[in-house]
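In what follows, a single structure is set out as C-alpha cells and then discussed.
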Amino acid sequence: MTDPTPRPWLVTRRAMLQAAGAGTLLAWALPARGYGSAVGDQDMLIAYLGLDPDGTVVVTTPDAEIGQGIYTTHALLIAEELGAAWDRVRVQFSGAGEIYRNPQKNLQATGRSMGTSGYFRVLREVGAMARGQLCEAAAARWQVPADECDTREHQVVHAASNRALDFAELIEAAVRIAPPSEVTLRRPEDYRYIGRSAPRLEIPLHASGRSQFTVDIQLPGMKVATLQACPVFGGRLGHFDAAEAEGMPGVHSVHGLDDAVAVVADSYWEALQALRKVRIAWDEGDGATFASEEHAEVLRTLLADDHAEVRVGVSAGEPDRRLAAAQQRLEGRYEVPYLAHATMEPMSCIARVADGQCDLWSGTQGPMHARDTAAARAGLAPEQVTVHRTFSGGGFGRRWQRDFIDRAVDVATRVPGVPVKLIWSREEDIRRDWYRPAYACSFAASVSPETGIRALQVRLAGAGLFELNRPGQFAPQPDPSVMSGFRNHPYRIEHLHVDWRPIRTPIPIGVWRAVGNSQNGFFLESIIDELAHAAGQDPYAFRRDLIDDPRRRKVLVAAAEAGDWGEPLPEGHGRGIAFMESYGSIVAQVAEVSVRDRRIRLERITCAIDCGTAVHPDNVKAQMEGGIVFGLTAMMYGAIDIEQGRVRQGNFSDYPLLTLRDMPSRIDTVIIDSGEQMGGVGEPGLPPAAPAVTNAIFAACGERIRALPLARQGWRLA
Amino acid sequence: MNKFKLTINGQDHAVEADPQMPLLWVLRDRLGLTGSKFGCGIGVCGACTVRMDGAVTRSCVFPVSACEGRDIRTIEGLSEAIDHPVQRAWIEEQVPQCGYCQSGMIMAAVALLEQNPTPSDGDIDAAMTNLCRCGTYPRVRKAIHRAARLMAEA
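Set out below in C-alpha cells:
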C-alpha cells in the first residue's frame, strides 16, 4: 500500500522552520508559477518529491495508475531534471489535494489523456528545484560556484575538479537551502530519460503479485462486503428480509442502502453467499419499461425527424443545396450500442468512518471528488476525509465515477470504526456501470473523382453525457462529447454539415475510453471510406489528397508505408486505413484482415502516432496496442442490452473480450516525434482501430459494416 | 465451518472455512495471499489462476475441500527476487499495463512452459485463455517466447 505520508524531506523542513528566523521564513514564500494562487514553489517540491536518508528519490504521482504507465512517466520527469539514478527512484500515490491539480485542467483527475502533458512542466521544475538545492549544498562544501555543478546518476558532479558526491551525502545540507526561485530546465539534447524507455517501475510489482490494488489492501479489523443494487436504474430498495442471511457463517451484518442491500462479512465469498439469501423487494420505478432495442429504434427515427431538436456542430458552405443538386447521392446509416467498461478489477473501495474522520482506500480517477462525495455521505467536511490511493485494476473512465465510493461510505457509516472493503461482483460491475451511450449516425454525400467530397451531411443521434443531469445545458451548442472528430477532422470538405439530435436516457452514461471519439471514429472513417470507393479512388490516396496539413498527412503516410499499403495480398485478404485525431495526438492505422464465410482473421495492424514528444516511447507503443485491442473488442463483441430496465449481460461469458488467440501476428507502432504541442496516448489509439478493420473487411469481401458489434451481424473470428 | 490443511508454496496452513468456499477466497481473505485476483467469479477470466499439482486451476471456482493434500502454487511462491525466467521475460518485454490480470497470466505461462518448453504461437494461443482488458496480449506472446529462451539457456 502506498500512503501520502510526508517523506523525511518534509519532516526536515518542518524542523528547520521551527529553528528558522523570520527572514528565512520569507525565503520560503517564493512566487507561485501559476499552479494556484496560494501555492508556492516549496509546497510544490514537498508535494511531489522526497528524499529518503539513503538517497532514495520518492516521487509522488498525483494521478491514478490505471494501466497507462503514468507511475513511471511522472517519476522519469522528476528524475530527468534531478539527475537521479533510475534504480534509486521510488513512486507513491498522492492523496487528494488542490496542490495536485493538473495545470491543464485545474483539477486533480486522471482522464482526457493528460497525465503526461499536464504535469510535464511542473514535475520537471520540481526536479530542477531539488537539483538546485543539491548543487548548492555540494558547492558550499567544495567552495566552488554552484553553477559549475550539475547532477548525474544520483551524484552532484563538479567537472572542473573531477569531484562527485552522492545525493545521500548532501541531503542534510540541501534541505536547509531554499530552492532556487528560477530554474533552468535541461535542453532536449541533454535528456537522459525523456524520449528513452526506462524500464517501468510498476512492472516488477505487477509481475510478482506485489502491487496492491484496492481489493488487496488489508487493515486491522477489516471486514469485506458485497452488494446487490436494484437491477433497474433509478429504482429504490423497497423492503428486505435478512433473517436467514444474518445467521450465516462469517456474516457480520446486513444493511439496506438507498437502492441496494449490502452484506458485511469476514470474506467476500461469505458475504456473497449471504447476499443470495436476502429476500429483497425493489421499488423499480419508471425505468423498468426501458428497452435498448426500442431506444435504438428511436435513434433511427430521430435521424429522419425534421421536427426533432437539432443542434448544429459543424456548418460550412452549402451542403444542402449541393446535395439537392447532386446527380448521385450516397447515403447510409451507422449504429453502435451501449458499452460497459468491465475493468478487470471490479469496482471496489475501502472506507472507514469513525470519530469525525473518514479514510478511503481507492484506485479512484478523481480523488478530489471522491473526497468530497465521501464527506457529503458521511456528514463530514472534506478536510475530514483522507484518500489513500492504490493501484487501479483498469480505469477507462469507470473509476472517474463516484458510485463505488458512495456505496462503501454508506456501508462504513453503518459499522463505525470498522474498515469495510466493498467489492462488487462482476455482475454488479457490468449491470451498474456508466455506459458509453448508444449512438446512431446517418450521412448523405456527393463525391466526384475530380473534386473529391462535394458535400457531406452527417446527423448524429444519442444522449449527451456531459448534460446528462442538465438536458439542454449547452444548447444551442451540442454536448461537448458529441462532435469529437467531426470538428477537428483533417479533410478538405468545403460543404459540410454535422448536427446532433439529443435524446434523454434513464441509463447512466459516462466517459468510456476515448469518449465520443470511440463511436465517431467508426462513423467518420467508415463514411470517408465509402466516399473514397464511391469516387473510384484508393482509400489511402483519397484521404492523403484531402489532407492539406503536412503534419497530419505525414502521420497518414507513415502508417500507409509501414503497413505496406498497396503491396499485393493473398486472395481473401484486405487492407483498411483510418485516421483520427484525439486528445491532441494524431493517429493513423492500417489493418490487414482475411475474410472467409463471415469469419475474420486479424492479420496485422500498423499504427502511426504523432503525440508531439514521446516521453516514454515504449509506453506509447504499449498504449497504442492497448487502445487497439480495446477498440477491437468493442468492434467484435461489445454490446450492453437492456430489457425491462435490466442489463442482460452480467459477466465475461456474455460480455466477452478478445483473447490472445484473436491477436494479429503483428501490431507495429511508428512514432513521429514532431516536437509539436504534446498530446495524450491513453485514448488516441482506440478510435481508428475499428474503422481500420471494418474498412479492411470491405476491401477483402465488399461488405460494408455499418453496425457494431460484428458478432451481432453473424461475424466470427477465425 | 470445517478445518482444512493446505500446502501453499511449500508451506502448511490450517484454515477454517465452509467446504464450498473457493480456494481464491481462502487465499485472499483467510491467508492474506492477495497475488491471485478476483475478476469474474465463474472461472472465465483467469485472474485467479494458480497451479495445483502443476495443473492450471481457476481458483475462484475450486472448492477448498478439494485442495487438501495437493501442492498449491501461487504467484507469491514463484520467486523471492522476482527472477523466475517468466518474470524476467515479463519485465524485459514490459508486458503489464494495469497489472491486475498479470499474476494469473504468469502462472498460466509457467505451467505452459513446464509442459512445453518451446511452444509455438499456436500452442500459446491454445493455452493462454486468460483475459486482459488492457490488451497486453501481443506482449504476453513475446514474453512467453523470451521465457522459453531464458529457460533453455539456464
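Protein chains in written order, with our numbering: chain A, 226 to 943; chain B, 330 to 483. Built from N, CA and C at the ideal position, the CB exists for glycine as well.
Using DSSP's beta-bridge definition, name the partner residues of residue i.
{"i": "T451/A", "result": "V488/A"}
{"i": "Q317/A", "result": "T285/A"}
{"i": "P392/B", "result": "P351/B"}
{"i": "S807/A", "result": "S810/A"}
{"i": "C574/A", "result": "L647/A"}
{"i": "C666/A", "result": "Y559/A, L685/A"}
{"i": "M381/B", "result": "A384/B, I401/B"}
{"i": "H480/A", "result": "A487/A"}
{"i": "L390/A", "result": "V381/A"}
Would you mind working out which of the options sits nearest residue i, comparing C-alpha positions?
{"i": "V381/A", "options": "N387/A, D372/A, D391/A", "result": "D391/A"}
{"i": "S406/A", "options": "M269/A, Q902/A, C832/A", "result": "M269/A"}
{"i": "F318/A", "options": "Q333/A, L693/A, R821/A, L942/A", "result": "Q333/A"}
{"i": "M442/B", "options": "E409/B, L479/B, V355/B", "result": "Note that residue 442/B is Leu in the sequence shown here, rather than Met. For L442/B, the nearest C-alpha among the options comes from L479/B."}
{"i": "P370/A", "options": "T676/A, A669/A, E378/A, G357/A", "result": "G357/A"}
{"i": "S709/A", "options": "I732/A, V736/A, T730/A", "result": "V736/A"}
{"i": "I865/A", "options": "W649/A, C374/A, P881/A, S673/A", "result": "P881/A"}
{"i": "D508/A", "options": "H464/A, G343/A, Q329/A, I678/A", "result": "H464/A"}
{"i": "R502/A", "options": "M473/A, L527/A, A513/A", "result": "Contrary to the premise, residue 502/A reads as Lys rather than Arg in this sequence. Ranking M473/A, L527/A, A513/A by Cα distance to K502/A puts M473/A first."}
{"i": "G646/A", "options": "C360/A, T335/A, D879/A, V489/A", "result": "In the sequence as presented, Gly is not what sits at residue 646/A; that position holds Lys. When only C-alpha atoms are compared, the closest one is V489/A."}
{"i": "R484/B", "options": "K332/B, F391/B, C461/B", "result": "With chain B covering only 330 through 483, there is no way to say anything about residue 484/B."}
{"i": "L356/B", "options": "V373/B, G406/B, A472/B", "result": "G406/B"}
{"i": "D277/A", "options": "A839/A, I655/A, I396/A", "result": "I396/A"}
{"i": "T297/A", "options": "N331/A, T409/A, G340/A, N327/A", "result": "G340/A"}
{"i": "A499/A", "options": "R536/A, L452/A, L462/A, P544/A", "result": "L452/A"}
{"i": "P456/A", "options": "Q702/A, D484/A, E471/A", "result": "D484/A"}
{"i": "I419/A", "options": "E828/A, P445/A, M903/A, P644/A", "result": "M903/A"}
{"i": "S573/A", "options": "V523/A, A924/A, D441/A, G510/A", "result": "D441/A"}
{"i": "V610/A", "options": "L721/A, G905/A, A321/A", "result": "A321/A"}
{"i": "R399/B", "options": "A477/B, L353/B, D382/B, F367/B", "result": "D382/B"}
{"i": "E518/A", "options": "T409/A, V640/A, A665/A", "result": "A665/A"}
{"i": "Q744/A", "options": "L771/A, A760/A, I732/A, P909/A", "result": "P909/A"}
Would you identify the three-state DSSP class for residue i, choosing helix, strand or coil?
{"i": "E755/A", "result": "helix"}
{"i": "H722/A", "result": "strand"}
{"i": "R475/B", "result": "helix"}
{"i": "V469/B", "result": "helix"}
{"i": "Q626/A", "result": "coil"}
{"i": "S878/A", "result": "coil"}
{"i": "H379/A", "result": "coil"}
{"i": "W507/A", "result": "strand"}
{"i": "L276/A", "result": "strand"}
{"i": "K779/A", "result": "helix"}
{"i": "H613/A", "result": "strand"}
{"i": "V736/A", "result": "coil"}
{"i": "L548/A", "result": "helix"}
{"i": "W704/A", "result": "Correcting the residue identity first, residue 704/A is Asp in this sequence and not Trp. Looking at D704/A - three-state DSSP - the assignment turns out to be coil, as it is neither helix nor strand."}
{"i": "P946/A", "result": "With chain A covering only 226 through 943, there is no way to say anything about residue 946/A."}
{"i": "R931/A", "result": "coil"}
{"i": "S587/A", "result": "strand"}
How about residue i and residue j: are their beta carbons less than 7 Å apart?
{"i": "C389/B", "j": "P351/B", "result": "yes"}
{"i": "L555/A", "j": "A670/A", "result": "yes"}
{"i": "I897/A", "j": "A757/A", "result": "no"}
{"i": "R547/A", "j": "F621/A", "result": "no"}
{"i": "P571/A", "j": "W649/A", "result": "yes"}
{"i": "A943/A", "j": "R824/A", "result": "yes"}
{"i": "V424/B", "j": "T465/B", "result": "yes"}
{"i": "A576/A", "j": "A633/A", "result": "yes"}
{"i": "A803/A", "j": "A917/A", "result": "yes"}
{"i": "L426/A", "j": "A355/A", "result": "no"}
{"i": "I420/B", "j": "P793/A", "result": "no"}
{"i": "Y273/A", "j": "T281/A", "result": "no"}
{"i": "R661/A", "j": "P696/A", "result": "no"}
Less than 6 Å separating the Cβ of residue i from some heavy atom of the ligand MN?
{"i": "V820/A", "result": "Looking at this structure, you won't find the ligand MN or any other ligand, since it has none at all."}
Exercise. Looking at C-beta atoms only, is the number of pairs between the stretch 799-818 of chain A and the stretch 870-888 of chain A that lie closer than 8 Å three or more?
Worked result: At 8 Å Cβ cutoff, the stretches do not touch.
Exercise. Would you call the stretch 605-621 of chain A and the stretch 580-594 of chain A in contact, with 3 or more CB pairs under 8 Å?
Worked result: yes
For this session: Count the C-beta pairs between the stretch 549-569 of chain A and the stretch 593-602 of chain A that are closer than 8 Å, then say yes if the count reaches three, no if not.
Result: Because the criterion of three Cβ pairs below 8 Å is not met, the stretch 549-569 of chain A and the stretch 593-602 of chain A do not touch.
Exercise. Are there three or more Cβ pairs, one per stretch, closer than 8 Å when the stretch 919-927 of chain A is compared with the stretch 746-761 of chain A?
Worked result: Judged by Cβ distances under 8 Å, the stretch 919-927 of chain A makes contact with the stretch 746-761 of chain A, as three or more pairs qualify.
For this session: Specify whether the stretch 335-348 of chain B and the stretch 835-843 of chain A touch according to this definition: at least 3 beta carbon pairs, one from each stretch, less than 8 Å apart.
Result: no
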